Structure formats: structure tokens, C-alpha cells
Amino acid sequence: MSFFGLDCVKKKEKETERKIRANDREHNLSFKYATNAIKTSKYNVLTFLPLNLFEQFQRIANAYFLCLLVLQVIPAISSLSWFTTVVPLALVLSITAVKDAIDDLNRHKSDRQVNNRRAQVLIDGELRNEKWMNVQVGDIIKLENNQFVAADLLLLSSSEPLNLVYIETAELDGETNLKVKQALSVIGEMGGNIEALAAFKGEVCCEPPNNRLDRFVGTLVWRGQKHPLDNHCVLLRGCTLRNTDWCFGLVLFAGPETKLMQNCGKSSFKRTSIDRLMNVLVLFIFGFLVFMCIILAVGHGIWEHYEGTKVMAFVPQQNEDTAFSSFLTFWSYIIILNTVVPISLYVSMEVIRLGNSYYINWDRLMFHTGSGTAAEARTTTLNEELGQIRYVFSDKTGTLTQNIMCFHKCSINGKAYGDVFDCSGQGYGLSGDMMMVDFSFNSLADPRFQFYDNNLLEAVKLETLEVHSFFRLLAICHTVMAEEKNNDLVYQAQSPDEGALVTAARNFGFVFRLRTPESVCVVEMGVPRTYELLAILDFNNVRKRMSVIVRSPEGKLALYCKGADTIIYKRLHESCSKLMEVTTEHLNEFAGEGLRTLVLAYKDLDEEYFSEWKQRHHQASTALEGREDKLNQLYEEIEKDLLLIGATAIEDKLQDGVSQTIEQLAKADIKIWVLTGDKQETAENIGYSCNLLREEMDDIFIVAADSPEEVRQELRDARMKMRLDSGEDAFFIPESILGNNPKVVQDENVNGEYGLVINGHSLAYALEGSMELEFLRTACMCKTVICCRVTPMQKAQVVELVKKYKQAVTLAIGDGANDVSMIKAAHIGVGISGQEGMQAVLSSDFSFAQFRYLQRLLLVHGRWSYLRMCKFLRYFFYKNFTFTFVHFWFAFFCGFSAQTVYDETFIALYNLMYTALPVLGMGLFDQDVSDGWSLEYPQLYEPGQRSLYFSKGAFIKCALHSCYSSLVLFFVPYAAVRDSVSTDGHDIADHQSFALLTQTCLTVTVCVQLGLDLSYWTAVNHLFVWGSLGMYFLVTFTMQSDGLHRLYASSFPFVGTARNSLDQVTVWLTVLLTAVLCVLPVVVHRFLFMQLNPTINDKVRLKVHQMKAQPPPPRRRARIRRSSTRRSGYAFSHAYGYGDLVTSKRFLRRPVPSRSAGSTPAGRSAAFRPAGRSAGYSPSGQEQNPKQATEPTELQRYRAVHDATFCRQGVAPE
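See the structure below:
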């Protein structure tokens, strides 16, 4: 059992292996496996109060006020009532507790929603509808199409032939392409037979719960035989069953032990940098308070010794020695001077944070109309941290990209297609007014496919040989599976790349319809043709190509091959040299636009040679030793002397505005690291597409070694290239903020721009303790870091590494369950709430629907929140230090008697009424420039990263300013009333008149100072400032009236003081003089610094003022056509291909019912209608549509002239 969140019983021993018996709950319960209920909430009814209070009192200020409350209940030392502390403390604790309770109730609600989902569980020989939370390890459950997988299951059988199932893993990894799983044939025979499934008593021995999404090891013992189990027969919780009517599975892991929950990471209590700094400052303030009280206690002892006996006639005799009197005075001053850190500070901070959170929720510019999703601040205590981000860790799939591949351009026989030109030869970009190619001639075309160059369709209709060969290859050379649903042809592709290419061939008249283990059926321009499939030479990460060998209906043998250009070019026939040069130029253009390229080639085969080759292939495929090497040699032998056909260019669609967002964040000096589970080529492609990687970089280092020594050497070589004088120990600096880490890695200056790409195997070595600093140091010297093939826990480890050794605030953004660990590890976690599931959102601090909203979250809301909080804190400390220091100076004139200088009513209301609303208005509404200018000049973000607005240095300056102001506020009124008389001749040098004058000067001065600090006056700010001043005078006259004095004489001793003092001209002149003297140094300081050393804020605000505060002009983005020699590699898949499955007769789906139009073996089908010039078709005369403009050198141009725009005369927009 757990009490107060602490385990009170012996923890369960660590599991080394798991043993499960199907349909035997009693046996499985003996192992005390976890149930399927999940719990993400922190509290329950019993633990909420103690746990929440324990967390809140970890904040040093709360503990400080609790101690102060204890002191105030001691009559001998307290000169203030105890309720002046207990009321605000209780208010702060209550507000925070209510907010935490609401957050936790939402988590409880989410948990209940998931736990109460229904599943069909096989119990006592019948299917019962049970809640997910009641499912147990060893149960057999039935899933139906489009249902979520309830737990980690061993697939037993399915409705599909050979027990295949199709699952969508978007909830896990954000990928929307379907994955194929298959049950063991020995248990798949049970099918949907409930009696057979109920009698199944198989025993599973497998690995213990872990977070490896891509790995599973186990064995099944059934009918005396032992069968190996791997990841291909396991369905993970969080997946969705697709295109499968039903399946049955055995529960292996449930609830918190599922791989999904194992990857969620540990929830931690997040605090902002300002919160951590405040803890340090509160300790410093308390120390300073003790120091002041010691001085005053010593002064009291000295005064008692030398002067005390002179006033004994006026003070009741007390038998106290001087030392004890000084001791009591020390504690009395502790209570009086406690206003250096008032409890209202934390109340105001919570209100400001809550208000700024609502601004994020209400921001209509962060509302995604497509999904109807608004931005949400799920945590209300981290807003200002958004203004200090230095590192952004981003997932790729579903975060930067839409995971949608589009056939964009191609090159066929030396001619490029996809670019659209007008009659003058001027190229178009893509825009909404451009006409798409009309595929209405083809009833089998996919209506969602878009292409804009009619010349390609014209070439198809004119039956150009090379163009037909091009699309024939795309329709045959793949491992895609086809099915017909609701009279619509649907492709199930292992990779979205392959799906895009097959769909392109389909729309241009080469429709892949059906495959069997021995054949591929294609409808070519309306004519059904069946190709005999003789061999598939499958893709892998070494080959980087795929080939198929087929026999055409005419009996001709041909090899079709597609792959990376660097691989295919080496295998081309020498006769293709000229065509290769032209194609290379096209590939350079495609790659320059960030498209993913692929080269196509073919070869006619001799029948006799192929028969002999096939025999050797069979021998190699059945060899017990060296099978892969022998097969690769055979593949190399046959894949040579190929004839080049052309190349394809696929666009991996980025989310809208990704490139612009990354550019803006880079201008704000925010470093972006991409942490993805995708293969290296895919990650690099996206890096180039969104301008994270650029050809203009000095170098891009690839770390892909397979041993620790090689990884270390590659990292060192990269660092030495970036900086030749890179030493070993110079990059450490002492930790400047209290913490447990012994050292911090310092930023190093590098000449040039570099990128780093590291794969998962190398990263595993780089994250080891002996090498982690080597990796971090090298990575931090690069502009861009991409980590590919990483596991969810590696993502979290990278984030933790940066947090541990860098003085930087981190943000992690992702959309899938594989990003949850990273999101929880970072200072700020952002979830993308889209179609890929809600696991990341549920664990995040902020959420929205598109990556592009990140720039507004950081550069607008984050910067404003940080600026407002820093201004609020500086002003709050100023007004309270000034208020308190006046007590300190007054002590030297009252015999150190712990007498207060102000009226008790003023003391109680100063922070609650007179100065509370103006400073809240500053914290909620102030802004230095508008949101448009904040986005126009991302450099405005940099001061927050360096904590320039509020730091220890800024705090000391604030304290010194307060000290000066308190001296003015005490001694100027003191000099003004000393030996002075009113106009009627009465003396006004009494304590009450002096107290009123001093507190009036203080109230007016702090309001004037607030007016100087405000950059953006609103009607609310005017109301708060002038209303507070008016309230001060109204309350003062009321509290010092004759009527209240008659009712409660002891509580209202200041009778008539306001009426008698504030009608004196001398008093008002004194108020004016003190206000001027207090703010004069501030005005002079700001004027000189704006003239001699203006900040980026000063320059931009001057520019805004010069433009009469008009909105910034829209940024014009010129379309730059560029060429690139790098090649954006084609991603066949993230794993080994499906070639073996295709040819093994294990993949078969039910036969696709033939359309009546395509049932005859010869002639034109009804799916094809003659078109072309003879049919009245014309490729010209149609307005074209632009492709999205790319800006490959925009970021480089910015960096080359980093501060050139901020000239002495002002700032010009880029």
C-alpha cells in the first residue's frame, strides 16, 4: 500500500522474465502482475492535503512565512497582529491548492475515460464486455476494426488470410502508414473459434516489461512444441486496428507495464528559472533581514545602556536586562521588516501566470481551423519560462512533417516534368489559382492526387515509349498491397514513399490492381496485364535500392530497379553517360528544392542466363552459412549494365510554416535539435527541406560508427575541424546557480556554420558517462543537430544531458507516445494535438495543432510573459524594499524601540490595496512592442535567454535603488516637518503628521515609478494607477475621521491627521520633491544608456515610434531557384523490406473482386477513355499554380549581417 505517495511495504522484486499461462487467471495472479488500469494523477482524497502542502512548503518563501506566523503569535515580540500573515498565507496556499486540484481532477477524468473503455474478454468460454481496467495478464481479448489495442498482446488469430493484421501506430510514433503483423501459423489455425480459443492453454515465457518499442523476445510452449516469438506477432497498446474485421490476442503486459506506459517517463514537479532564482534570493533576503535586525538589536542595546535610564520616568519599570531586551527587539524587527518579501508577492505571481495562460488559450492566431483545435496552456506556472528557451528538441514525423508524400516532379529520358511555365517561359510557383491536371479520363485515378504539369499527361497519352516504361516500373517495382473497399482502390504501403509513387503511376494510367506471390496485375492505359513475378531483390540500408524480375505477358524477361542515384549510377551501362549528365542536372534542381529523389533503371534479361542465375539464387537462399553475403554477390551480378529511364522527386510535406518558423527561431538564437526514430536519409531530407541543414554550411558531420572508440574519434575530429585550438578543460565554468551539478559546459565560439547527424547506435555510445561531455561539447558547437534512429528513452537522455551541463532552458515538442519521455524531461513540454493521438498532449505543458505556432508561443507569449514577470518582480521588490528600509532609518530616531513609522492601517493595506492593482496591471497588460513587431524582430527574444531582465545583478541594482529612495523618502519629509509650523501657527512636527507625510510620499513615488516602467498604457492600467491613488486618499481620510475614532478610539488613533496635514502647501511640495528626487536618477540613467548603449528593445521601439506605431510591413519572400549537388535519399521504409513476405505466399489477402471493366484479358477497359489530341485534349492554355517558394539562403543572409540592421540611426526591417 502507498500512503502520502510513499511505499510502506516491501517493493516487488525486479522481474527478470515473465511467465504467462493463457486462460488461467488464478495462475497469473500469483505473480502479482499489474492490472490494466492506468494512473497519471498525483493525488487522491486522502493524500491531496498532506502531499500538496508538502510540495508547497518546498518553496522557501512559504516556509519562511510559516515561521513568521509562529513568531507573530508570541506577544512579547510581536508588534503586529497574527492575522496580517495568516490570512495572505492561507490565501496563497488555497489558491495554489485549488489550481493543483483542478489539474489533478482533469488527470483523473482522463484516466477514468481510458480505464472505462470497453473490450471483449474471453472468460469462462464466452466473450464478455469488460472495462479496460478489469483486463488482466493472460486474458484473451477480441479486437474489432478501428478499435484501440487495450494492452500489449500476442496476436493469436485474425479474420485475414494467414492471420495478418494491419495496425496504425500513430499514437506511438506519429506514423500514419500501416504496419503488418502476423500470428504464428500453429495458433492461427484457431481462427475465430471461441471454443478452441477458450481451450487454448499455451504458456509464454518472455522478457520483462521494458520500453523498447521495436523489440520483443519470447517463446510460446504449445502442445509440447516451443515456438519463437518476436516483435512481428505483438500488438502494442496505443495502436489501432485497421482494415481487419477482427483479431484475438493474449495479454502479455497490462496497464503501467505496457511499452506505451513504460515510455511515458517519470513526472516531475517543474519550476521555472525565476522560481529557482527566487528561492536563492529569498535566502539572501532572509540573511540580509537577519543582518539588519542584528544591527538594530545591537543599536537597541547600546541605546538602552546609554539613554534608557533617561526615559524611565515615562516608561513602566521592567526587570529586564539589556541583552534580553535586545534579543526581544531582534525578533520584533524580524516581524516588522518582514515586508521585504510579502506574501502578496506570490499571490500576484500566480494571478499573473494564470492571466498570461489565458492569453495563450484565447489567441485566435494559434487556433487551427482545419482540426478546430485551439492552443492550450495545460500548466499555468511555466509561462515566463517560454521567454528563455535556448534549445528546442523536436520530433520529426507528425511534428515537422505531415507524413504525407507527394509525387512532385520527375525526369524522363532527359526531360524534366513538374515545373510549369507561361508563354514567355517564366516559371510559376504553386498558388491556389493554378489549374491541376485533369485525370477524369481515368476512372481508376485517385481524386486526391495533385499534379500541375499537363505536358507529362500529354506524353502518356501520346504513348511515348520512355514515359510508359517509367510508369510501368513504378507500377511493378514495389511491395505495396492493394485492396478494394467501398468500390475504391486502396493501397497499403510499408512506406508512404512507395504509396506516393504507385499512386502517381495509377493516375497516369498504370494502375496496380492486384498481386499474388507469383504475379503482379496492372491495368496499363485501360488494358489489364499480368506480369509473372520471378524475384524480388529487396531493399535494405546497405543496398539502398530495390529490384524486381518479371516476365511480361509477351514472355520478355526484365529487371526493374529503383534506388539512390549514387548507387544506380555505378551500375549503369556506359551508353547512358550523356543521359546521366542531363538527369544529374535535374536531380540537382530537385534536391535543391528539398525533394526526395530516386533513380529508375531497367535491364532486359536473357532467358538462359536467368535460369542459371535463379538456381544459384536458390542455393544461396538456403545456405546455412554466409547466406546474406552470397545473396548480395548475386544481386550485384545481375544488377549491372542497367539502362537509365529517369528519376522521381517526392515531397515529404512539411507542416505549414515549418521553414519560416525554424528561420525565425534561429534568428532568436534558439538551437533546434531533431530527435527522430526515422532512418538517417529521411532525417537528413527533412533537415534540408526545412533549412535546418543547408549546402552553404561549412561542413555537416555524420557520426555513424559502431564502436565507442570510433565514435569518440569522430566526435573529436569534428570538434577539431570546427576549432583547432579546442582544449580539453577550458570549456567548463563553475556552476553559477545553486545545484548539484559540479560544472557547466561553456558555449564555444566557432568560425562558420556546421551541422551534426548522429545515428542511434553511435548515440548509445555517445551518451555513456565517459563520452557524454565529448558528444555534448561537439553538438553544442554546431548550428543544427539531428539524432536519427533514436529510442524514446534516448530522446529523454539527450534532453537530460543538455539540462545537466548547460545553463539553458530546454523545450521538447512532439506528437506521439514515443515523445512523452522527452516532453517530460524538458523544462517545457509541448504536445502537437493532431490526428496522431493525444499521448504527447496529455503529458505536455502546452499544446497546439501545428509546429508553426511555436514561434508565436515563444516570440510573442513567451517573451511577453517573461518581460512582464521580470518587470513585476523588479518593481515589486523596489516598492517593498523602499517601504521596509524607511522603517530601518526610523529606528535610529525612535530609540530602536521597534515602533512602526507608518499607520497600522497603511501597513495592512499597502500591498493589498494601494499598490496591488497597478503592479498586477503591469504584469498582465504591459508589452514593449506589439506581437507583429515581436515576430518581425526575433532578436528581441535574446535578452530573455541571457536573463538580462531579472537576475542577481538586477536584484542588487533594485535593492540599491530602493535604498536610495528610502533615504529620500525618510529624510526629505523629516527635514520638511522638523521645526516647521502650519499656516495657523500650530506645530506639525508630530509623529502622526510625519507618518502621514512619509506614507503619502511613498505611495505617490511608487506610482510615478510604475508609470516610468510601463511601456504600454491601457485603459485598465489608467484605472488601476489613478484608482489606487484615489483609493489611498479616500481610505486615509475615512480611517482618520472623527466618526471612526469615536467608535473605536484604540484602533483609529490618527484622528484628523489627514485633514490637518494635507491642506498644507508645504506637504504637497514635499511630496512633489521626494517623487522627483526618487525618479530623477532613473530618468537620467535610462536617457544616457539609450543614447550611448541602446539595447535591441530601445532600437526597435524607436523604429516603431518613427513609423508612428504602424503595424510592421509584411515580409516579402522572393522565390529563389537553386541547385544542389547533394541527394535527398529515398526512404523505402524504416526497416528491412517486405520482399520475403510478398513472395512467401504468407501475405495473401482475399482476392480483389474484379471490376467488370477490367475482367477481359485484352482490349480497352471501360476504365479508360481515349484522350489526347485526337480526343480534343490540349496541354496548353491553362493557368498554372505555383509551388511554395523556397528560401535557401535567407537564414544565411541574416547571419552574415547579424547586427547590420541595427545601425546607430535605428533598425531597418529585413
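Residue numbers in the sequence shown follow the working numbering, run continuously in steps of one, and reach 1515 at the last position.
Note that the Cβ used here is the ideal one computed from N, Cα and C, for glycine as well.
These numbers were taken from a predicted model, which means no experiment stands behind them.
Unbroken beta strand (DSSP E) run spanning residue i, endpoints
| i | result |
| --- | --- |
| D905 | R897 to D905 |
| W547 | W547 to F554 |
| W523 | G519 to W523 |
| E445 | I441 to E445 |
| H528 | Q526 to L530 |
| Y692 | I690 to S695 |
| K320 | R319 to R322 |
| P829 | V828 to L838 |
Residue interval of the alpha helix (DSSP H) (run including residue i)
| i | result |
| --- | --- |
| E886 | S878 to G893 |
| K560 | K560 to Q563 |
| F592 | S574 to Y607 |
| V1278 | K1253 to V1278 |
| D1399 | I1397 to Q1407 |
| E1205 | E1205 to L1210 |
| R749 | Where R749 is concerned, there is no enclosing alpha helix (DSSP H), given that its DSSP letter is neither H nor E. |
| R1024 | Element bounds for R1024: n/a, residue is neither H nor E. |
Exposure label - residue i; buried when at least 16 CB within 10 Å
| i | result |
| --- | --- |
| S1008 | exposed |
| H368 | The displayed chain sequence assigns Cys, not His, to residue 368. Exposed, because fewer than 16 other Cβ atoms sit within 10 Å of the Cβ of C368. |
| N1060 | buried |
| D979 | buried |
| L1496 | In this predicted model, L1496 has a pLDDT of only 35, less than 50, meaning its place in the structure is not dependable; the value taken from the coordinates is given anyway. Buried is the call here. |
| R665 | exposed |
| K333 | exposed |
| Y647 | buried |
| S741 | exposed |
| E469 | buried |
| N564 | buried |
| G810 | buried |
| H1262 | buried |
| N447 | exposed |
| T317 | exposed |
| I971 | buried |
| R1247 | exposed |
| T867 | exposed |
Residue i Cβ short of 7 Å to the ligand GDP heavy atom set
| i | result |
| --- | --- |
| D970 | Only the bare structure without any ligand can be found here, which leaves the ligand GDP out of the picture. |
Nearest residue (CA-CA) to residue i, options the options
| i | options | result |
| --- | --- | --- |
| L1160 | G1245, A1126 and K1105 | G1245 |
| N1212 | L1374, V374, L473 and T1304 | T1304 |
| A717 | V642, L1077, V883 and G602 | V883 |
| T348 | V1269, N324 and A402 | A402 |
| A1065 | A1097, L350, V1368 and Y1154 | A1097 |
| A1114 | L858, S411 and T698 | Per the sequence presented here, residue 1114 reads as Ile, with Ala not at that position. Comparing Cα-Cα distances from I1114 to each of L858, S411 and T698, the minimum goes to T698. |
| F1256 | V648, T1396 and C1171 | C1171 |
| G864 | V721, L943 and P1239 | L943 |
Report task. Say whether the region 928-941 touches the region 1049-1058, bearing in mind that this needs 3 or more beta-carbon pairs closer than 8 Å, one atom from each stretch. Result -> Flag = no, the region 928-941 and the region 1049-1058 do not touch.
Query raised in the report: In chain order, which alpha helix (DSSP H) runs of at least 4 residues are fully inside the region 754-789?
Result: 755-762 and 766-777
Query raised in the report: Can you list, in chain order, the stretches of the beta strand (DSSP E) that have 3 or more residues and sit fully within the region 918-1002?
Result: 944-955 and 972-976
**Report entry** Segments assigned alpha helix (DSSP H), at least 4 residues, entirely inside the region 329-387
**Finding:** 349-357 and 361-373
Requested in this report: Evaluate contact between the region 705-714 and the region 429-437, counting only Cβ atoms and requiring at least three cross-stretch pairs below 8 Å.
Outcome: Taking 8 Å as the limit for Cβ pairs, the verdict is that the region 429-437 does not touch the region 705-714.
Query raised in the report: Curious, which full-length alpha helix (DSSP H) runs of at least 4 residues does the region 1167-1191 contain?
Result: none
Query - Complete runs of the beta strand (DSSP E) confined to the region 1072-1103 [at least 3 residues] - result: 1085-1089
Query raised in the report: Is the region 1087-1096 touching the region 1128-1135, taking contact as three or more C-beta pairs under 8 Å?
Result: Taking 8 Å as the limit for Cβ pairs, the verdict is that the region 1128-1135 does not touch the region 1087-1096.
Requested in this report: With a floor of 3 residues, list each beta strand (DSSP E) that falls wholly inside the region 432-513, ordered by position along the chain.
Outcome: Qualifying beta strand (DSSP E) stretches, in chain order: 441-445, 453-459, 465-469, 479-483 and 504-507.
Query raised in the report: Is there contact here, the region 684-698 with the region 572-592, by at least three beta-carbon pairs under 8 Å?
Result: yes
Query raised in the report: Looking at C-beta atoms only, is the number of pairs between the region 1355-1369 and the region 1326-1344 that lie closer than 8 Å three or more?
Result: yes
Requested in this report: Give a yes or no on contact between the region 1224-1236 and the region 630-639, applying the rule of three or more CB pairs nearer than 8 Å.
Outcome: Too few Cβ pairs lie closer than 8 Å, so no.
Query raised in the report: Touching or not, the region 537-552 and the region 452-471, by the rule of three or more beta carbon pairs under 8 Å?
Result: Short answer: they touch.
Query raised in the report: Are three or more beta carbon pairs between the region 1293-1307 and the region 1189-1209 nearer than 8 Å?
Result: yes
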